[in-house]
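Each residue of the sequence shown is one higher than the one before, counting from 1 in the UniProt record's numbering.
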Amino acid sequence: MNSTALSFFSRLDWKQAFHQLELSEESRHITTFATHVGLRRYKLGINAAPELFKHHLNQIQHDIQGATNYIGDVIKTREEHDRNLQATLERLQERGVRLNKDKLVSVWSPETYLPWTCFW
């Protein structure tokens, strides 16, 4: 996909994105910490592996034609934009993904989105 051919995008921001990915049972012990009321451990959150987050998002939207993600942000051309955006929103809701509605950006130019030129 060539960014210069794309005129319109939507950007969806996951709310506390890494905390929506559940850690495997075997790795949860690594996140144990002490508090004044005893030991606690995270069962969610993976902030050291953006590539795993990107892979997870690719799995969620793998069959939504034309939608792609850029480091966790979903982008789409204007053609079929509304239909594919709706499909993406429905899929994310089905999977329990929470979005940050304050950061929803729709229909803007690639120059606004990417501070540098990307080649696909």
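Where is the CB? At the ideal position from N, CA and C, for every residue including glycine.
Query                                                                                                                                                                 : Result
Evaluate V37 with the Cβ neighbour count: other Cβ atoms within 10 Å of its Cβ, from every protein chain shown; 16 or more gives buried, anything less gives exposed. : exposed
Report the option in I60, F33, L52, E22 whose CA atom is closest to the CA atom of E94.                                                                               : I60
Between the Cα of Q86 and those of E25, H56, Q65, spot the shortest distance and give me the residue it belongs to.                                                   : Q65
Checking the sheet assignment: what are the DSSP bridge partners for A34?                                                                                             : L39
Pick from D63, K101, K103, S24: whose alpha carbon is nearest that of R91?                                                                                            : D63
With H, G and I counted as helix, E and B as strand and the rest as coil, what does DSSP make of L92?                                                                 : helix
Rounded to the nearest angstrom, what separates T31 and K54 at their Cα positions?                                                                                    : 22 Å
Name the DSSP beta bridge partners of L99, please?                                                                                                                    : W14
Among the residues of its own chain, which have a CB less than 8 Å from the CB of residue 149, if the five just before and after it don't count?                      : The question about residue 149 has no answer here: the residues shown for the chain are numbered 1 through 120.
Out of R41, G96, T88, L12, point me to the one whose CA is closest to S24's CA.                                                                                       : R41
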